[in-house]
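Numbering (my numbering), first residue to last: 910 to 1404.
Think of the CB as a built atom: it goes at the ideal place given N, C-alpha and C, for glycine as much as any other residue.
Predicted model, so just to flag it, every value in this text is computed and none were measured.
What follows is a set of notes on a single structure, which appears directly below.
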């Protein structure tokens, strides 16, 4: 056993050798500022870049994690929080993350010896004599990680687990954004219903005016029919709103993990304007989006696989030992004479494999290059999504201002044409045209308002929803005894 301990000590002192490349995060092109973010943010980013620094926490004033609270809607807050409790897609992703963590534990087990107990008992009879033989032995085998192949595999599995944790955060954020969007669509239907109800009441008054004019003999019967048609068409559109609202209500229920029959949302109109969204500088985006963190973690996972492939070109050394007692019970099983033991060290080296190891190494390097390209493309796509969101926020605000002016003008036009019709100086066709123009403008204004809210949600999602890469589990946590589940995500990029 002293000899075995000496060999193990020697193995421990030589296990620091790691073949293959050491990982470093791939470089990505990061702009100084967002083009659609305005001159103020661009100028600030430029000054910071020239000075070689940026604030350690440039967005401390923004909500962290509970981004939907910026909408100041208790119902929305309650619904989104229920995603963590009952959403089945999120639970499935948590299970995937658990599998990734288990793979880390499985890879770490290869660092330790495998110990097997092999007790046995034999009863035999020969030459008229019966004999009982007992064997109490154990075996141990230990493949030494002299060139770091096992440790490279562990680091690869750790990075993959961190990528899985970032996928979990991405799924959660996507579900939250989807629920918020469906909820805002439902509130749009509530506002649309109010608009149509107001127009129905207005068309009823117009029909009454047309009937009075007809009874007085100063208007044609066609005016009454036209007014009735306009009223009935709007009433039909009002009924259709209920179907659309029910569809979005059911979608919200499913996202919360509950049957649609159990969810009933009260009527509430869409707010007037969405909350402002803090943006920060582009370089922050690399730490704030789960998909970017996950793509970067997959790069390291592939980088470590190169080391695993390189280690296959080096010899393997295995230590083995066995010991125990074996003998007849009549002689005392645990006597010194029945003690057995053995110690062995074996090495192996592949001299020819037809190029199999070289092919594996080439595959690992190609997979690494593909992961780097995917990472850079993910970053590029993220910048594009943020630019689209910023453009939408800015342009839709201007569009809504003009559309509100158009609604006000259309309302004045309806009032004037109705007064002129009462006075007999205008025909009813002009009234119908003005009323149709008004309802179209009101619906358009409402659609623009909805687009502003959904664009704000999309922008928050493209900015990571307050998530930060520092919330990812570290390599020490994944390799240690305590393996926390953080629904917020995954990874130390320099692990």
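Check: Roughly how many whole angstroms lie between the Cα atoms of residue 995 and residue 1166?
Finding: For residue 995 and residue 1166, the gap between their C-alpha atoms comes out near 5 Å.
Notebook entry, point to check: Which of the three DSSP states, helix, strand or coil, is assigned to residue 945?
Noted result: Three-state result, residue 945: helix.
Margin query: Between residue 1381 and residue 1202, how many whole angstroms is the CB-CB distance? I'm expecting something under 8 Å.
Written below: Confirmed, about 6 Å.
Notebook entry, point to check: Going by other Cβ atoms of all chains shown within 10 Å of its Cβ, with 16 needed for buried, is residue 1371 buried or exposed?
Noted result: Buried.
Checklist line | Residues of its chain near residue 1312, where Cβ-Cβ distance is below 8 Å and the 5 sequence neighbours each way are ignored | finding: These residues qualify, in order along the chain: 1350, 1353, 1354 and 1357.
Next item on the list: Would you identify the three-state DSSP class for residue 1289, choosing helix, strand or coil?
Entry: In this structure, residue 1289 counts as helix in the three-state DSSP scheme.
Notebook entry, point to check: If residue 1179 and residue 1097 are in contact, beta carbons under 8 Å, what's the gap, nearest whole angstrom?
Noted result: Indeed they touch by this definition, with Cβ atoms about 5 Å apart.
Next item on the list: Using DSSP bridges, identify the partner residues of residue 1028.
Entry: 1045.
Note to self: Check for me: the alpha helix (DSSP H) holding residue 1217 runs from which residue to which?
What the structure shows: DSSP places residue 1217 in the uninterrupted alpha helix (DSSP H) bounded by 1199-1220.
Checklist line | For residue 1050, three-class secondary structure by DSSP | finding: Strand, per DSSP.
Notebook entry, point to check: Looking at C-alpha atoms only, which residue of 1386, 1134 and 1195 is the closest neighbour of residue 1290?
Noted result: Taking only the C-alpha atoms, the option nearest residue 1290 is 1195.
Notebook entry, point to check: At a cut of 8 Å, does the segment 1041-1049 reach the segment 1208-1227 through at least three beta carbon pairs?
Noted result: Output reads no: the segment 1208-1227 does not touch the segment 1041-1049.
Next item on the list: Report the option in 944, 1152 and 1110 whose CA atom is closest to the CA atom of residue 1292.
Entry: Out of 944, 1152 and 1110, 944 has the C-alpha closest to the C-alpha of residue 1292.
Notebook entry, point to check: So residue 1076 packs on residue 1177, CB below 8 Å; how close in whole Å?
Noted result: Actually they do not touch by this definition, with Cβ atoms about 34 Å apart.
Checklist line | Stretch pair the segment 1257-1271 + the segment 1070-1089: three plus CB contacts closer than 8 Å | finding: By the Cβ criterion, the segment 1257-1271 is not in contact with the segment 1070-1089, since fewer than three pairs of Cβ atoms, one from each stretch, lie closer than 8 Å.
Next item on the list: Hey, could you find the ends of the alpha helix (DSSP H) residue 1124 is sitting in?
Entry: Where residue 1124 is concerned, the enclosing alpha helix (DSSP H) stretches over 1058-1124.
Next item on the list: Return the Cβ separation of residue 1308 and residue 1139 in integer angstroms, given the expectation that the two are a contact with Cβ distance under 8 Å.
Entry: That pair is no contact at about 28 Å.
Notebook entry, point to check: Any idea if residue 1030 is buried or exposed, counting beta-carbon neighbours within 10 angstroms, 16 or more meaning buried?
Noted result: Label assigned to residue 1030: exposed.
Check: If you follow the alpha helix (DSSP H) that residue 1136 is part of, which residue opens it and which one closes it?
Finding: Segment 1130-1164, the alpha helix (DSSP H) holding residue 1136.
Next item on the list: Locate the beta strand (DSSP E) running through residue 1256, then write down its first and last residues.
Entry: From DSSP, the beta strand (DSSP E) with residue 1256 extends over 1248-1257.
Margin query: Rounded to the nearest angstrom, what separates residue 1190 and residue 998 at their Cα positions?
Written below: Near 32 Å, if we compare the C-alpha coordinates of residue 998 and residue 1190.
Next item on the list: Would you mind giving the Cβ-Cβ distance between residue 934 and residue 1278, rounded to the nearest angstrom? I have them listed as a contact below 8 Å.
Entry: For residue 934 against residue 1278, the beta-carbon gap comes to about 15 Å, at or over 8 Å, which does not count as contact.
Note to self: Can you find the residues in the same chain that come closer than 8 Å, C-beta to C-beta, to residue 1127, ignoring five residues on each side of it along the sequence?
What the structure shows: Closer than 8 Å at the Cβ level, and outside the excluded window around residue 1127, lie 1333.
Check: Can at least three beta-carbon pairs, one atom from the segment 1001-1009 and one from the segment 1065-1075, be found at a separation below 8 Å?
Finding: Touching, yes.
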